[in-house]
Amino acid sequence: MTYEIIGIAVLWLFLFGYVIVASIDFGAGFFNAYSVWTNKQHILSRIIQRYLSPVWEVTNVFLVFFFVGIVGFFPKTAYYYGTALLVPASIAIVLLAIRGSYYAFTTYGSLRHNGWTYLYGLSGLFIPASLSIVLTISEGGFVNELPSGISLDYWKLFTSPLTWSIVVLSLTSVLYISAVFLTWYANKAGDHLATNLLRKYALIWSVPAIITATGIIVEMRTHNPIHFQRLVDLWPLFGISFLLFISTVYLVAKRMRYGLAFIMLVGQFFVAFFAYGISHYPYLLYPYLTIYDSFTSEGMAVALIVAFIAGFCLLVPSLYLLLRLFLFNKDYVQGNR
Amino acid sequence: MGNEQSVFFSRVLTELTLSFHIIYATIGVGIPLMIFIAQWIGIKKQDEHYILLARRWTRGFVITVAVGVVTGTAIGLQLSLLWPNFMELAGNVIALPLFMETFAFFFEAIFLGIYLYTWDRFENQKKHLLLLVPVAIGASFSAVFITIVNAFMNTPQGFEFAGGELINVQPIVAMLNPAMPTKVAHVLATAYMTSAFILASIGAFRLLKGSDHQYHKKALFLTMKIALVFSIAAAVIGDFSGKYLAEYQPEKLAAYEWHFETEEGASLLLYGVLEDGNEVKYAIEIPYGLSILAHGNPNAEVIGLDQFPEDEIPPLYIHYLFDLMVTIGMGLAVLALIYVVGVWTKRQFIHSRGFRWLIVASGPLAMLAIEAGWWLTEVGRQPWVLRGLLRTSEAATTNDQVDTMLVLFAGLYLVLGIGSVIVLKRMFRNNPVEQELQDRQEKR
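Which chain is which? The protein sequence lines are C and V, in order. Per this note's numbering, the first sequence runs over residues 11 to 347. Per this note's numbering, the second sequence runs over residues 1494 to 1937.
As structure tokens, then:
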């Protein structure tokens, strides 16, 4: 295995981590706001707040880890993506700021105002939308390298069906992932009203999630035929992912083993996410940037990998402790502590 | 928008973000240590007041952390968005500490979450206190790693250029650059110092506003003692910084000091104004001061600005920032000293309203000194991003929408700043110490 592959695998793994934990967070914020809107707050808010409060900063670090790591491992991405993404990334920062300030002002500062709750809920939809644009851009065709520098073709980007399909996929996935997780969490807490409501959301969002995911593969055919071919070559992986999807939906529909259902869901996204990543190989940005021509110096690569392993050894037990105290601790989940 | 404008707006936006972020970052680095000390004393003395001090500081602290996470994410991304050419080079050579910083923060965030939600979950109070250790370590190491990156920008090393290619990259050598020891030490000491003064301000303010509770008196004395220790440390390290600058960045020191001609036995200029380019007026001159500051020897030669080409000299207004930083730093050290000695010798004047107002001012003044210090060191490195290698003007983005982003972020910081002030004020006004102590007693 080359350093390039290790580097991108590590980053992709952390991005996957972010996709899952952030989806739970974003979706929860949206469901929370929606329950306030429809006066069902008494059912959902407690369970959502209880899970979200101790972990949100950790969620954010996954993202920071990814973008710091990618500049470390693949410094040329700073030049290409950094220049092209000024506006979309700045907008994402502002949206992330809205979420951060919700915690700062509402959760910690007890400044209760429904306006914040709505803003917070909506930001949970806009952030995945704005971040997913990066994936669209990576498919190529939207960034041009001119003598004056890198420029992003906004008109082409926002009129492309691919852009909007990926946006819709990010939204449906967020709501689906979040609903399945929260169903499990609510069930653990013994809160039947919340479980039933969230289970309903999970089932509702499962269908659009899988349809848009499939739709994107089809769209790739016209947008980036090389990538499409590579996706098709990996069909067994997507097949496994689909089977895991069916299992999750089955378990949720039958009201069985919500914990297992969530694990299946993570498996479904893990396989699909890595299949997509592998099919993208070796490009970081079609057709300008591959993981090979953008790679960092060898000395840095070794240092980063060593630092990563050391950091990981520190992180895993800490994360385990966090989960044990707030996720797997019955008393906490049920609100006794 | 031409490239010059992109450079200009990129600089303004970075300056704005950093100036805003440094407030939260400084508090974020310093306060965990203060909480730790208070809780430790509380457990050791079995004194409810100190425990409550730790609890209340924590409540305020998490709000600043939450905002700090936001502004930290902003600057983290903005580095790549606004300075893509710099980050491309940095990624090759100095990415390691940036990467380690995310781990440090990860660590801090996990344990802060646990610490925060487990106040009454442990039978043994010491176990709960232990959870704070990784928070404090993570916070301080975040500062260490980021400061290392900044130090590298001042004295880049650990790599070679050969035909436009970077070769022989040694990340550890890059991290252990000459600017690192003094910079890291100075940043940490001043963060602890500033945090202590801010907490002292709050204590003094409550005492002035009619509360005469032991709680505030204990808080004030404790924080002033800590502030004294770290102001002395900051001053000593400041002296080392002068010697470092004289050796590695003489143009920076010369610009701080308006030292135009290379000479032996150079005198130190304090205050004053600059007229007609290089005529200093109304300055206080300390004979041999600069030679002592730079080399520890009154007759040593100090390199002046005459040794450098015109286009490699930083703007000279930074002398005013230097004066501001040093004056506040020294003034606060004296203030803390008088207070602590005054308590020991049981003097009454330190409890007077006037003196308490001075303490109230100390927190904001310390923060102003932090700001002045960062402006000083950043502007003092100009025209370089990486001293001697990459000019700021060559490092900025070519994207022409930076001005719009500047407006966007200015709005964001305004909302965050006002929001945090309102929330912090409400939090402590709605739940005064007396009330909370009473509630806690009834609970037992």
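In this text, a Cβ means the ideal position worked out from N, Cα and C, and glycines have one as well.
Since I believe residue j is in contact with residue i (beta carbons under 8 Å), could you give me their beta-carbon distance rounded to a whole number of angstroms?
i	j	result
Phe72(C)	Gly134(C)	Their Cβ separation, rounded to whole angstroms, is 15 Å, which puts Phe72(C) and Gly134(C) out of contact at 8 Å.
Val1581(V)	Lys86(C)	Here residue 1581(V) is Glu; the residue named in the question, Val, does not match the sequence. That pair is a contact at about 6 Å.
Asn1585(V)	Val1662(V)	6 Å
Lys1736(V)	Ala1682(V)	That pair is no contact at about 16 Å.
Leu95(C)	Ile1607(V)	No, Leu95(C) and Ile1607(V) are not in contact; Cβ-Cβ is about 34 Å, not under 8 Å.
Val1628(V)	Leu1605(V)	5 Å
Gly1523(V)	Ala1684(V)	4 Å
Leu1798(V)	Ala1748(V)	7 Å
Leu1624(V)	Thr1611(V)	7 Å
Gly82(C)	Ala1588(V)	3 Å
Could you pull the start and end residues of the alpha helix (DSSP H) that residue i belongs to?
i	result
Tyr211(C)	His202 to His233
Tyr302(C)	Taken as a continuous stretch (DSSP letters only), Tyr302(C) belongs to no alpha helix (DSSP H), as it is neither H nor E.
Glu1744(V)	Pro1743 to Glu1750
For chain C, check one thing: does any of its Cβ atoms lie closer than 8 Å to the Cβ of residue i?
i	result
Ala1559(V)	yes
Met1494(V)	Bear in mind that the predicted position of Met1494(V) carries a pLDDT of just 44, short of 50, making it unreliable; the figure below should be weighed with that in mind. Output row for Met1494(V): interface = no.
Ser1734(V)	no
Thr1838(V)	no
Pro1664(V)	yes
Gln1894(V)	yes
Ala1859(V)	no
Ala1888(V)	no
Val1916(V)	yes
Pro1577(V)	yes
Thr1640(V)	no
Leu1898(V)	First, the amino acid is wrong: residue 1898(V) is Met here, not Leu. So, interface residue.
Val1563(V)	yes
Express the C-alpha separation of residue j and residue i in angstroms, rounding to a whole number.
i	j	result
Ile18(C)	Pro1876(V)	35 Å
Phe1842(V)	Ile1863(V)	29 Å
Asp1816(V)	Val1637(V)	25 Å
Val182(C)	Ile34(C)	Residue identity check: residue 182(C) is Thr in the sequence provided, not Val. Going by the C-alpha atoms only, they are around 12 Å apart.
Asp151(C)	Trp165(C)	A quick correction: the sequence has Gly, not Asp, at residue 151(C). Cα to Cα, Gly151(C) sits roughly 12 Å from Trp165(C).
Ile108(C)	Leu23(C)	26 Å
Ala313(C)	Ile1719(V)	37 Å
Met1494(V)	Gln1894(V)	Interpretation of Met1494(V) is limited by its pLDDT of 44, a score under 50 that renders its predicted location unreliable; the figure taken from the coordinates is listed afterwards. Taking the straight line from one Cα to the other gives about 8 Å.
Ile160(C)	Val31(C)	32 Å
Thr116(C)	Glu1768(V)	52 Å
Pro1807(V)	Val1666(V)	27 Å
Leu295(C)	Ser140(C)	17 Å
Leu1526(V)	Leu1828(V)	22 Å
Tyr1728(V)	Leu1506(V)	The residue you asked about is not Tyr; residue 1728(V) is Ala in the sequence shown. Cα-Cα distance, rounded: 31 Å.
Asp1804(V)	Pro1590(V)	31 Å
Glu1794(V)	Lys1745(V)	16 Å
Taking the beta strand (DSSP E) that residue i belongs to, which residues open and close that run?
i	result
Val1766(V)	Val1766 to Glu1768
Tyr1810(V)	Element bounds for Tyr1810(V): n/a, residue is neither H nor E.
Gly1584(V)	Not the beta strand (DSSP E): Gly1584(V) falls in the alpha helix (DSSP H), residues Pro1577 to Val1586.
Ser161(C)	Gly159 to Leu162
Asn154(C)	Val153 to Leu156
Trp102(C)	Residue identity check: residue 102(C) is Ala in the sequence provided, not Trp. From DSSP, Ala102(C) is part of no beta strand (DSSP E) but of the alpha helix (DSSP H) over Leu96 to Tyr112.
Ala1776(V)	Taken as a continuous stretch (DSSP letters only), Ala1776(V) belongs to no beta strand (DSSP E), as it is neither H nor E.
Leu1879(V)	Trp1877 to Leu1879
Leu1659(V)	Glu1658 to Ile1660
Quick check: is the beta carbon of residue i nearer than 8 Å to any beta carbon in chain V?
i	result
Ala99(C)	yes
Lys166(C)	no
Phe191(C)	no
Thr306(C)	yes
Ile147(C)	no
Tyr13(C)	no
Pro85(C)	yes
Val93(C)	Checking the displayed sequence, the identity of residue 93(C) turns out to be Thr instead of Val. Judged by the 8 Å Cβ criterion, Thr93(C) is in contact with chain V.
Phe314(C)	The question names Phe, but residue 314(C) in the sequence shown is Leu. Taking Cβ atoms only, chain V reaches closer than 8 Å to Leu314(C), which makes this a yes.
Inspect the CB distances between the segment 1663-1682 of chain V and the segment 1639-1653 of chain V and report whether three or more fall short of 8 Å.
Output reads yes: the segment 1639-1653 of chain V touches the segment 1663-1682 of chain V.
At a cut of 8 Å, does the segment 194-208 of chain C reach the segment 219-232 of chain C through at least three beta carbon pairs?
In short, these stretches do not touch, since the Cβ pair count stays below three.
Within the chosen definition, does the segment 1852-1867 of chain V reach the segment 1673-1692 of chain V through at least 3 CB pairs nearer than 8 Å?
By the criterion of at least three beta-carbon pairs nearer than 8 Å, the segment 1852-1867 of chain V is in contact with the segment 1673-1692 of chain V.
Can you confirm whether the segment 1522-1536 of chain V touches the segment 1544-1551 of chain V when touching is taken to mean that 3 or more C-beta pairs between the two stretches lie within less than 8 Å?
Short answer: they touch.
Evaluate the contact criterion for the segment 1558-1566 of chain V versus the segment 1517-1526 of chain V: three or more CB pairs, one atom per stretch, below 8 Å.
Because the criterion of three Cβ pairs below 8 Å is met, the segment 1558-1566 of chain V and the segment 1517-1526 of chain V touch.
Contact between the segment 169-189 of chain C and the segment 245-257 of chain C is defined here as three or more beta-carbon pairs at a separation below 8 Å; is this criterion met?
As far as the Cβ criterion goes, the segment 169-189 of chain C does not touch the segment 245-257 of chain C, which means the pair count is below three.
Would you call the segment 1776-1792 of chain V and the segment 1745-1763 of chain V in contact, with 3 or more CB pairs under 8 Å?
Result yes; three or more Cβ-Cβ pairs closer than 8 Å.
Are the segment 1570-1580 of chain V and the segment 1735-1754 of chain V touching by the rule of at least three beta carbon pairs closer than 8 Å?
Touching, no, given that fewer than three Cβ pairs across the two stretches are closer than 8 Å.
Please determine if the segment 1830-1847 of chain V and the segment 1865-1876 of chain V are in contact, where contact requires at least 3 C-beta pairs separated by less than 8 Å.
Look at the beta carbons and you see the segment 1830-1847 of chain V not touching the segment 1865-1876 of chain V: under three pairs across the two are nearer than 8 Å.
Taking three-plus beta-carbon pairs below 8 Å as touching, is the segment 201-211 of chain C in contact with the segment 269-277 of chain C?
The answer is no - the segment 269-277 of chain C does not touch the segment 201-211 of chain C, with fewer than three Cβ pairs under 8 Å.
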